[in-house]
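Each residue of the sequence shown is one higher than the last, beginning at 18 in the working numbering.
No residue lacks a Cβ here, since even glycine has one placed at the ideal position from N, Cα and C.
Heads up, the thing below is written out as structure tokens.
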Amino acid sequence: MLIENTMFGEVNKIQKSIDLLKEFEPMALKLHPDGYYLTYSGGKDSDTDLQIAIESGVKFTAHYNITGIDPKECVVHIKETRSRLAEKGILLFLEPPDIFTTGPFKGLKKNMWRLIVHKMMPPTRIIRFCCDALKERGGAGRLCLTGVRWDESTKRKSRKPMEVISRNRRLFNDNENGRMQFENCMQKGKRVINPIINWTTFDVWEYLKDRKCQYCKLYDKGFDRIGCLGCPMGGGKGMEEDFIQYPYVKELYLNAYQNMLEYMWSRGIVTTWRTKYDVLEWQMWASDKEQQNYMDGQIDMFSEEEI
Ligand code: SF4
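Okay, here's the thing in structure tokens:
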């Protein structure tokens, strides 16, 4: 429900989100004349975030990081959203990937397949180098808006309405002291506001339907989450489901694993994986501990290169 019962009485979640955005708009404008930097993925939470930003009347630009591994239906929705926003005078930028500055692909655009070779391992549930390189880019120096919600996962329960995110730590709070901390730390990391953090999935759908917002058609086909295909965060089962729906993606991953193995062997690196299928099996089903052990060995052996 979009009404929350608190010790101070009923709170309208929509109004609370709008108030938060209005309150911090001066800071967003102080940091950049375009105001907030809204990170957009094409998923339902992003669409909710977008609608809330529009409804609050704050100044912002929206940004989608091109990953190359989102479902085509999602990309279609993003492009349609971009056109609709343009009619309202709001910009949605399709941000191209960064360029490798080191390694075998130096000078070329980053994508999942090259990252796998470059990092000499597949991404896993605990080692998500692709998120860093492909998804969580942009917004440096700006006040960012995200559609992060507590309801999405237990891990996200630690996220707060306002955060300063650096590579290794997260500072936050929504009380007065915390706000001061937030402002004092502005120069140290990425500044983030999560306006719908306390919204449930039910709230999101209630709001989107009430406002007659367009959303990615995959939700009507039974998908409850939309994002990168073959994402390790979905675990082996989630990956399997993606590969059934999009068999070509499994082939792209296998092809990348073959290239990765050949690259490693060409450097004289002995691998426990003998084939591309071994790599996929390990990525999908190895325990977190096994995957962490591999990563620790990687760092010792090669001393980490920049991605
Ligand atoms: S595949 Fe998963 S872990 Fe990798 S960038 Fe996409 S969301 Fe992040």
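Reduced DSSP secondary structure (H/G/I, E/B, other) of residue i
i    : result
V266 : helix
H49  : coil
K105 : coil
V209 : strand
M44  : helix
F260 : helix
N29  : strand
L19  : coil
T163 : coil
L246 : coil
F77  : strand
Y236 : helix
N310 : helix
E72  : helix
Bridge-paired residues (DSSP) for residue i
i    : result
K126 : I116
K89  : In DSSP, K89 forms no bridge with anything.
N329 : Nothing can be reported for residue 329: it is not among the residues displayed for the chain, which extend from 18 to 324.
T98  : Answer is none; T98 lacks a bridge partner.
Residue i CB to nearest heavy atom of the ligand SF4 below 7 Å
i    : result
C148 : yes
T84  : yes
P249 : yes
C245 : yes
L125 : no
P114 : no
P43  : no
R145 : yes
P178 : no
P325 : The chain is shown from 18 up to 324; residue 325 falls before or after that span and cannot be answered.
CA-to-CA distance, residue j to residue i, given in whole angstroms
i    : j    : result
N128 : Q32  : 39 Å
I83  : R131 : 15 Å
I214 : A45  : 19 Å
Y53  : V75  : 8 Å
C148 : R154 : 8 Å
P43  : I286 : 53 Å
L125 : M281 : 19 Å
A273 : P249 : 15 Å
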